[in-house]
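Here the protein sequences come in this chain order: W and F. Take the first sequence: its position 143, counted from the start at 1, is 143 in full-length UniProt numbering, and no numbers get skipped. Take the second sequence: its position 36, counted from the start at 1, is 36 in full-length UniProt numbering, and no numbers get skipped. Accompanying notes for the structure given below.
There are 2 protein chains.
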Amino acid sequence: MSGRGEIDRLVTLLGRLPGLGPRSARRAALALLRQPHARMLPLAEAMEQAARAVRTCSTCGNLDTTDPCGICADPARDDGLVCVVENVGDLWALERAGVHRGVYQVLGGTLSALSGMGPDDLNVQPLFDRIAAGGVREVILALGTTVEGATTMHWLHERLARFDVQVSRVGQGVPVGGALDVLDDGTLAAAIMARRPA
Amino acid sequence: MSGRGEIDRLVTLLGRLPGLGPRSARRAALALLRQPHARMLPLAEAMEQAARAVRTCSTCGNLDTTDPCGICADPARDDGLVCVVENVGDLWALERAGVHRGVYQVLGGTLSALSGMGPDDLNVQPLFDRIAAGGVREVILALGTTVEGATTMHWLHERLARFDVQVSRVGQGVPVGGALDVLDDGTLAAAIMARRPA
Ligand SMILES: [Zn+2]
Ligand SMILES: [Zn+2]
Numbered sequence: 001m002s003g004r005g006e007i008d009r010l011v012t013l014l015g016r017l018p019g020l021g022p023r024s025a026r027r028a029a030l031a032l033l034r035q036p037h038a039r040m041l042p043l044a045e046a047m048e049q050a051a052r053a054v055r056t057c058s059t060c061g062n063l064d065t066t067d068p069c070g071i072c073a074d075p076a077r078d079d080g081l082v083c084v085v086e087n088v089g090d091l092w093a094l095e096r097a098g099v100h101r102g103v104y105q106v107l108g109g110t111l112s113a114l115s116g117m118g119p120d121d122l123n124v125q126p127l128f129d130r131i132a133a134g135g136v137r138e139v140i141l142a143l144g145t146t147v148e149g150a151t152t153m154h155w156l157h158e159r160l161a162r163f164d165v166q167v168s169r170v171g172q173g174v175p176v177g178g179a180l181d182v183l184d185d186g187t188l189a190a191a192i193m194a195r196r197p198a
Numbered sequence: 001m002s003g004r005g006e007i008d009r010l011v012t013l014l015g016r017l018p019g020l021g022p023r024s025a026r027r028a029a030l031a032l033l034r035q036p037h038a039r040m041l042p043l044a045e046a047m048e049q050a051a052r053a054v055r056t057c058s059t060c061g062n063l064d065t066t067d068p069c070g071i072c073a074d075p076a077r078d079d080g081l082v083c084v085v086e087n088v089g090d091l092w093a094l095e096r097a098g099v100h101r102g103v104y105q106v107l108g109g110t111l112s113a114l115s116g117m118g119p120d121d122l123n124v125q126p127l128f129d130r131i132a133a134g135g136v137r138e139v140i141l142a143l144g145t146t147v148e149g150a151t152t153m154h155w156l157h158e159r160l161a162r163f164d165v166q167v168s169r170v171g172q173g174v175p176v177g178g179a180l181d182v183l184d185d186g187t188l189a190a191a192i193m194a195r196r197p198a
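Put into structure tokens, the structure is as follows:
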């Protein structure tokens, strides 16, 4: 494969995407190389536009092209009901399920001794600020039931006890040891509907 | 997911890549969106450069940044020994195995009644021209042992009988019903070494 710098580089970079091993990276590269104008250039352009446009919502931590994000800015959403999720992938999963009519707080991770994530590494202060400013009625803890997720929910629950706010957690439906964003929409809906006080 | 045109478009286009379902497309998009400058823009640039640079070798059908391709242009390769493969992915697999020191002919498909691929749809005339021009000693048929691969090898064998050229096919090592580019390097090496007259 010598003397093909551009092709090798494409395969290498595609292979670094999550979910793409070396073999699927080669297949993807070939599919793109076979249709440079119909497939590769549109994807490249979409990436450049997204890279230019995307920003992190300073209110909730969501990724969007506006700050505040479309969810935070939507007057139809209930900003008195805040759902705490680990990452944007979980937020997307809940939005696809279409069951949460409130807003979000995206932590950007969970407490983990192993990976060295402590409370200061979580994007959680904006939530405390929002609650302190008033208007937040309920916080739903929608974290996975891994050890890290449970630890984080426990810590958050303690921190939130200082505020006059109802705290619930998604209950029924999240399998033990499971991540949130692999669940089907029905399970996510059940988990949200069956939330209970934390 | 409304109001996020750039992000939705990125997920949609990524999801059209072979090997990426909706879920892995979302994961890949998130990984890129989290590091727009470190990951997304370099990949976009690599795609644009590859799209600009890539061309199909008019001699063998390989994809490369030069025409003739690096393999056809390499004086160290034996251009008297031509290996016929279905597609560029198979060529890449054989190059990774490093067992073929000759050149290639990339058919761009196999004969298939189902998908309507006939002899005129195969990139095979350049092979006949190369043989007619003299200098080709042996043609190795390195197609998969699917029905289509076997049909194509049979047809090619008949067509090549008109020429004064030895025809062999990869034998030992290619599993029945198997595609070529999923094989490990050792199996590919065995298949090439154990080739027999067709
Ligand atoms: Zn937001
Ligand atoms: Zn070539």
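Beta carbons are placed, not taken as given, at the ideal position from N, Cα and C, and that holds for glycine. Owing to the predicted nature of the structure, the values given are computational and were not obtained by experimental measurement.
| Query | Result |
| --- | --- |
| Measuring from the CB of residue 140 (chain F), is there a heavy atom of ligand 2 at a distance below 7 Å? | no |
| Can you tell me where the beta strand (DSSP E) with residue 84 (chain F) in it begins and where it stops? | 78-85 |
| For residue 24 (chain F), report the span of its alpha helix (DSSP H) as first-last. | 22-34 |
| Is the region 57-72 of chain F touching the region 33-47 of chain F, taking contact as three or more C-beta pairs under 8 Å? | no |
| Of all residues in the structure, which have a C-beta closer than 6 Å to any heavy atom of ligand 2, taken in chain order? | F:57, F:59, F:60, F:62, F:68, F:69, F:71 and F:72 |
| Could you work out which residues of chain F lie near residue 98 (chain W), taking near to mean beta carbons separated by less than 8 Å? | Neighbours of residue 98 (chain W) on chain F: none; closest Cβ ~10 Å, over 8 Å. |
| So what's residue 4 (chain W) in DSSP terms, helix, strand or just coil? | coil |
| Residue 143 (chain F) CB to nearest chain W CB: under 8 Å? | no |
| Buried or exposed for residue 38 (chain W), please, with buried defined as at least 16 other CB atoms from any protein chain shown within 10 angstroms of its CB. | exposed |
| Report the rounded CA-to-CA distance for residue 147 (chain F) versus residue 85 (chain F), giving the unit in angstroms. | 15 Å |
| Going by DSSP in three states, residue 184 (chain F) sits in which element: helix, strand or coil? | coil |
| Can you tell me whether residue 12 (chain F) is helix, strand or coil according to DSSP? | helix |
| Leaving out five residues on either side along the sequence, give the residues of the same chain with a beta carbon under 8 Å from the beta carbon of residue 80 (chain W). | 102, 135, 136, 137 and 138 |
| Would you say residue 191 (chain F) reaches chain W, if we count a Cβ-Cβ gap shorter than 8 Å as a contact? | no |
| Please indicate yes or no: does the CB of residue 126 (chain W) lie closer than 7 Å to some heavy atom of ligand 4? | Although ligand 4 was asked about, the structure shown includes only ligand 1 and ligand 2 as ligands. |
| Would you mind working out which of W:29, W:23 and W:18 sits nearest residue 6 (chain W), comparing C-alpha positions? | W:29 |
| I want to see whether chain F comes within less than 8 Å of residue 19 (chain W), judged by CB atoms only; does it? | yes |
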